[in-house]
Structures are given as C-alpha cells and as structure tokens.
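Just so you know, the sequence shown maps onto residues 253 to 699 in this note's numbering. Right, one structure below, let's go through it.
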Amino acid sequence: MLHEKLSSIYDNVLRRNPGEIEFHQAVREVLESIGPVLGKHPEYAESKIIERICEPERQIIFRVPWLDDRGEVQINRGFRVEFNSALGPYKGGLRFHPSVYLGIVKFLGFEQIFKNGLTGLPIGGGKGGSDFDPKGRSDREVMRFCQSFMTELFRHIGEYTDVPAGDIGVGGREVGYLFGQYKRITNRYESGVITGKGLAYGGAQVRKEATGYGCAFFVEEMLKARGTSFDGRRVVVSGSGNVAVYSIEKVAQLGGVVVACSDSSGYVLDEKGIDLELLKQVKEVERARLDVYAARRGEGATFVPDRNVWEVPCEVAMPSATQNEITGKDAATMVSNGLVAVGEGANMPTTPEGIKVFLDAGVAFGPGKAANAGGVATSALEMQQNASRDSWTFEFSEHRLQEIMSDIHDRCLQTADEYGMPGNYVAGANIDGFRRVADAMLSLGLI
Ligand code: NDP
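Structure representation (structure tokens):
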C-alpha cells in the first residue's frame, strides 16, 4: 500500500514514462518503503525531493553503427541515463543484451542511486548499455562495436562526471576495448573514467570478484544475525556469469555447498558441489554453455535443459542472472523446500509477489541494493586507487569489501528497527539509501 502523497507521485511516474514496466516496478518498491520517512521529515515532501529523484538528470540515446565480420553494416541503440549526481559522479555499469531498452536502463539507474547511497561512498547513480548481443560474436566484432559505442559515449563521461563499468554482457574484454577507445579519442590516460579494468592497465584487485564475494559476505552476515552460518548448507546460484561464479567461489570458502547454477539454456545439477575451476574454464575462457560443463564433469552432474533452477531444493538462494527471475510461485516452492535465506546478486531478480512470499515466511531476504553493492563499492575503491596512482593488495582490498558489506548489513537492520520493521532488509536498504541522497539534495538547493 502506498502513502496517499506517494500514490499520486507514482501515478505521475506511470504517466510520464509509459511502457517502462521495469522502471515502474523499481520506483514502486522504493516508494512502498519510504512512506514512514515522510512523516518524520516533512522537508523532503516540501522540496519535492521524491519527484526530483524519479526524474533522471539527463538521458542520452544514440546510434551505434558497426561492421560485422561479413562486412555488413549493423546498427544498435546505445543508452546512458545519468540519474542522480547529488553524492558524486554518476556511477553504474553498462549492459549489452538484446532485451535492453530505456525502461531497463532506467530501472537499473534508479536502483543504483540508492545502492550507491547505501555504500556511504561518494558516488551518484547512472546506468547505460545497448541492445547489442555479444553472444556468438567474434572478438573483432565485439571490439568494433565497443569502439563505435565509445565514439559517442566519450563526450558524456569522465572521472568527475560519469564513470561506467560492466554489467550483463560487459566484462573485462569489453571494458578493455571501451577504455582503449576512450584513451585514443581523448588523448588522456584517465584511468578513473571506467572501472572493472584489467590489472595490467589500472584495474583494482578484487573488483572482478567483488559483487559475488560481497553477496556471499552479506548472506553470511544475515545468517550470523540469526545465529547460524553457511556451514554445510545447500546453496543454489542462478546464472553462471561474473556475479554467479564469484558467489560460488566465496560460498564454498565459507563452507556452503553450491549444488546448481544456470544460464539461459537451462541448469546444471551437481550434487558433489560445483567444480569451480571447470566452470571458469567453460564459461570464462571458452564462453561455452553449461551442457559442456556437465559433459566434462561426468558422473553426478546433470544438465537440465530449459528448466527453472529454482525447482532445485536449497537452504540458501543467490539469484545472480537477471531481473524478475523468481516469481511468487517459485518463491512458494522454495519456501516449501526449506529455504532459509536469499541474497540477491542480480538487480531486482525477485518479483514483488516473490518478495512478499519470502518476507511473510520469515526468510532472511537481502535485496540487491544491499546484497550486491559490493561490486560498485569496489569500483569506488578502484577510482580511489586510480586517483592516488596507487594499487592495494588482494588481501587488503578483500578486507575493505568485507567491512563495507558488514557495515551495509548492520545499517539496513538498524534502519529497519528504527522504523519499526525489524529484520526487514528491503525497508532498511531503501530508507537508508533514500535518506542519504535526499539530505545531500536538500543541501545542494533546487538543482
Ligand atoms: P554476466 O553477463 O557475466 O552473466 C549473466 C548470467 O545470467 C549469464 O549466465 C546469463 O546466461 C544469465 N542471464 C542473463 N540474462 C538472462 C535471461 N534473460 N534469462 C536467463 N539467464 C540470463 O552478467 P553479471 O554476472 O555481471 O550480472 C548478473 C546480474 O548481476 C545482473 O542482474 C546485473 O545487473 C547484476 N549485477 C552485476 C554487477 C557486476 O559487478 N557485474 C554488480 C551488481 C549487480 P546466458 O549467458 O545464457 O545469457
């Protein structure tokens, strides 16, 4: 239920942004949490902070023409939504996936504002991407696409303006090509303009691992708060990309057993626990599908095509693929299978109906804004190292990540307590992230 004032703001968002259903969903989730804040802080409503937050500061849409390996012209659409810079330069990744349109970029950018606020680091919110599909494309095609994409994007970004990074379909290879073209066009070695760079040219230790590791640390904190741990627990992770692989790695180090992971072709069930080295070889090196993993792993591992990984019973679920992958029905199945905790590695992977099922059942539910904030937090640490021309060790960087995740966890719980919703990490994350951004906006005047 929405507070009356918030309900009219939401109606206005629907009217002004027709058809952008993922953006509507992300706005509604935040508005549902912040009703009680308005009672305590009438100044937010008086200065129309919420209406301002829902309107991006700037939205850029551009043509990306490129030549494929057959010499044929291809045309994609590029996006960058610079949502909010009250706390720092716009910060958020680039997604390359055929499903990308303005509504997806705006949902991700909107979420990013609060997530970045929650980290306590000086970063604003933004997001971008393209409907380009890197799957099945050669390295040369991906390079030509990235160069064309950056040939327009470069004029909008900069280490003090807007700092992109990776997301679905954008990993180390793409970030390298994007940074290379930025450097070439601007004639500046401006390392802090993009994060997720390779270690050979200004990248930071632990950035590649940060979202997955951070999510595992967050879940560990939630379990600890309930007097338990990962030890011996059966875990399912969806996806098998960057976030999934490093969630699996850290969960195993913390004592959990990851028995299944997935991609868009189906899932693999491996009761002995996923063999991480084999998974990295298949997914990161060969860019192959999960059936290849199952075939090489041999006995005990089964590839189940075109099925939903959430049918596999588990105590801890870490959705790390894409938005709205856990429906209300999936959530009900998971609860009846003995689910204890959920850590959202992906952005908005659980539908509103699914979240309600988890909260009603008393499952420890860590929303993406909090649980996957380790990625962007470590990106901010990469910017810090670039600015001081320094580089930290793996151990120190991982320790900083762990401290940040523990701090985010504690603040979510404290804020939820303060507003009379004990244990509700969704409310805690939304309210804490919102307050930080709103207070900065109030101080900066009507901008
Ligand atoms: P990757 O591209 O590395 O991996 C994505 C994985 O999810 C792949 O296994 C992919 O399978 C699967 N997937 C993607 N879209 C779909 C779909 N529509 N249906 C089924 N499976 C799908 O991306 P990341 O690991 O970087 O990102 C995963 C999630 O984590 C996203 O929600 C992203 O926004 C979020 N995130 C990422 C951060 C980061 O640092 N990278 C930071 C914070 C959040 P397939 O290969 O078959 O398409």
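Backbone N, C-alpha and C define an ideal beta-carbon position, used for all residues, glycine too. Note that this is a predicted model, so its numbers are computed, not measured.
- Task: State the DSSP-derived secondary structure class of T554, mapped to helix, strand or coil.
- Result: For the purposes of this step, residue 554 is taken as the residue at position 302 of the sequence shown. Looking at T554 - three-state DSSP - the assignment turns out to be strand.
- Give a yes or no on whether the C-beta atoms belonging to G380 and V333 are separated by under 8 Å. Counted from its first residue, the sequence shown places residue 380 at position 128. Counted from its first residue, the sequence shown places residue 333 at position 81. Yes, these two residues count as a Cβ contact at 8 Å.
- Message: If you reduce the DSSP assignment to three classes, tell me which class E334 lands in.
- Response: The residue you call residue 334 lines up with position 82 of the sequence shown. Of the three classes helix, strand and coil, the one that applies to E334 here is strand, per DSSP.
- For the ligand NDP, is there a heavy atom less than 7 Å away from the beta-carbon of I273? Along the sequence shown, read from residue 1 onward, the residue named residue 273 stands at position 21. Because no heavy atom of the ligand NDP lies under 7 Å away, the Cβ of I273 does not count as near it: no.
- Item | Rounded Cβ spacing between F314 and E426 (contact assumed at less than 8 Å) | As a working mapping, residue 314 is identified with position 62 in the sequence shown. As a working mapping, residue 426 is identified with position 174 in the sequence shown. Incorrect: roughly 17 Å between the Cβ atoms, too far for contact.
- Message: Alpha carbons only, please: which of P270, R459, V487 is nearest the one belonging to G595?
- Response: By 1-based counting over the sequence shown, the position of residue 595 is 343. The residue with the shortest Cα to Cα distance from G595 is V487.
- Query: Per DSSP, what kind of secondary structure is G620 in: helix, strand or coil?
  - Reply: Mapped onto the sequence shown, residue 620 falls at position 368. Note: G620 maps to helix in three-state DSSP.
- Task: Give the DSSP bridge partners of I578, in chain order.
- Result: As a position in the sequence shown, residue 578 is number 326, starting the count at 1. In DSSP, I578 forms a bridge with T602.
- Message: Does F638 pass the burial test, meaning 16 or more other C-beta atoms within 10 Å, or should it be called exposed?
- Response: Residue 638 sits at position 386 when you count from the first residue of the sequence shown. Phe is not the amino acid found at residue 638; the sequence shown has Asn there. Buried, since its Cβ has 16 or more Cβ neighbours within 10 Å.
- Roughly how many angstroms lie between the CA atoms of W318 and E393, to the nearest whole one? What you label residue 318 is simply residue 66 of the sequence shown in a count that begins at 1. What you label residue 393 is simply residue 141 of the sequence shown in a count that begins at 1. Approximately 8 Å, taken between the alpha carbons.
- Item | Between the CA atoms of D662 and D669 - distance to the nearest angstrom | The residue given as residue 669 occupies position 417 in the sequence shown. The residue given as residue 662 occupies position 410 in the sequence shown. Approximately 11 Å between the Cα atoms of the pair.
- Using CA coordinates, which residue listed in S695, S640, L665 is at the minimum distance from D684? The count along the sequence shown starts at 1 and reaches residue 684 at position 432. It is L665 whose Cα lies nearest to the Cα of D684.
- Task: In the DSSP assignment, find the unbroken beta strand (DSSP E) run with F362 in it and report its ends.
- Result: Numbered from its first residue, the sequence shown carries residue 362 at position 110. Note, F362: premise wrong, no beta strand (DSSP E); alpha helix (DSSP H) at 354-371.
- Is S285 helix, strand or coil by DSSP? The residue given as residue 285 occupies position 33 in the sequence shown. Correct three-state label for S285: helix.
- Query: Are at least three pairs of beta-carbons, each pair with one atom in the region 352-365 and one in the region 268-278, less than 8 Å apart?
  - Reply: yes
- Task: Tell me, please, which residues DSSP counts as bridged to W644.
- Result: On the sequence shown, residue 644 is found 392 positions in, with the first residue counted as 1. For W644, DSSP records no beta bridge to any residue.
- At least three beta-carbon pairs within less than 8 Å, the region 602-611 to the region 465-483: Contact fails: fewer than three Cβ-Cβ distances are below 8 Å.
- If you draw a straight line from the C-alpha of G361 to the C-alpha of I607, how long is it? Working through the sequence shown from its first residue, we reach residue 361 at position 109. Working through the sequence shown from its first residue, we reach residue 607 at position 355. Straight-line Cα distance between these residues: approximately 21 Å.
- Message: Taking only three categories from DSSP, how would you classify G377?
- Response: For this step, residue 377 is matched to residue 125 along the sequence shown. Strand at G377.
- Query: Taking the C-alpha atoms as reference points, what is the distance between S516 and P565?
  - Reply: Within the sequence shown, the letter at position 264 stands for residue 516. Within the sequence shown, the letter at position 313 stands for residue 565. Spanning the two alpha carbons is a distance of roughly 19 Å.
- Query: V561 and L591 look like a contact to me (Cβ under 8 Å); what is the Cβ gap, rounded to whole Å?
  - Reply: One-based indexing of the sequence shown puts residue 561 at position 309. One-based indexing of the sequence shown puts residue 591 at position 339. 13 Å between Cβ atoms; not a contact.
- Message: If I follow the unbroken alpha helix (DSSP H) through V628, where does it start and stop?
- Response: One-based indexing of the sequence shown puts residue 628 at position 376. Its alpha helix (DSSP H) spans residues 625-639.
- Query: Can you give, in chain order, each stretch of the beta strand (DSSP E) that sits fully within the region 368-447 and has at least 3 residues?
  - Reply: 377-382
- With 16 as the cutoff for other CB atoms within 10 Å, does E577 come out buried or exposed? As a position in the sequence shown, residue 577 is number 325, starting the count at 1. With 16 or more other Cβ atoms inside 10 Å of its own Cβ, E577 counts as buried.
- Residues near Y671 in its chain [Cβ-Cβ closer than 7 Å; skip 5 each side]: For the purposes of this step, residue 671 is taken as residue 419 along the sequence shown, with counting starting at 1. Closer than 7 Å at Cβ, skipping near neighbours: P288, A679, I683.
- Task: Compute the Euclidean distance between the alpha carbons of R304 and G376, then round it to the nearest angstrom.
- Result: Position 52 of the sequence shown, counted from the start, is the residue given in the question as residue 304. Position 124 of the sequence shown, counted from the start, is the residue given in the question as residue 376. When rounded, the distance between both Cα atoms is 14 Å.
- How would you write the range of the beta strand (DSSP E) that M570 sits in, first residue to last? As a first step, residue 570 is located in the sequence shown; it is residue number 318 there, counting from the start. 568-570 is the extent of the beta strand (DSSP E) around M570.
- Ends of the alpha helix (DSSP H) at Y519? For the purposes of this step, residue 519 is taken as residue 267 along the sequence shown, with counting starting at 1. It is not in any alpha helix (DSSP H) - Y519 instead sits in the beta strand (DSSP E) that spans 518-522.
- alpha helix (DSSP H) runs contained entirely in the region 470-510, provided each spans 4 or more residues: 494-505
- Task: Report yes or no: do the region 406-421 and the region 335-347 share at least 3 C-beta pairs separated by less than 8 Å?
- Result: A contact exists between the region 406-421 and the region 335-347.
- From the DSSP output, read off the bridge partner residues of S514. Here residue 514 corresponds to residue number 262 of the sequence shown, with the count starting at 1. BP columns for S514 point to Y519.
- Item | P674 - DSSP class collapsed to helix/strand/coil | As a working note, residue 674 is residue 422 in the sequence shown. DSSP places P674 in coil when its eight states are reduced to three.
- Message: For a test of your reading of the model: does the CB of I420 fall under 7 Å from any non-hydrogen atom of the ligand NDP? Yes or no.
- Response: Counting from one through the sequence shown, the residue named residue 420 turns up at place 168. Yes, since a heavy atom of the ligand NDP falls inside the 7 Å radius drawn around the Cβ of I420.
- Task: Compute every distance between the C-beta of N576 and the non-hydrogen atoms of the ligand NDP, then say whether any falls below 7 Å.
- Result: To locate residue 576, count along the sequence shown from 1; it is residue 324. No, the Cβ of N576 stays beyond 7 Å of every heavy atom of the ligand NDP.
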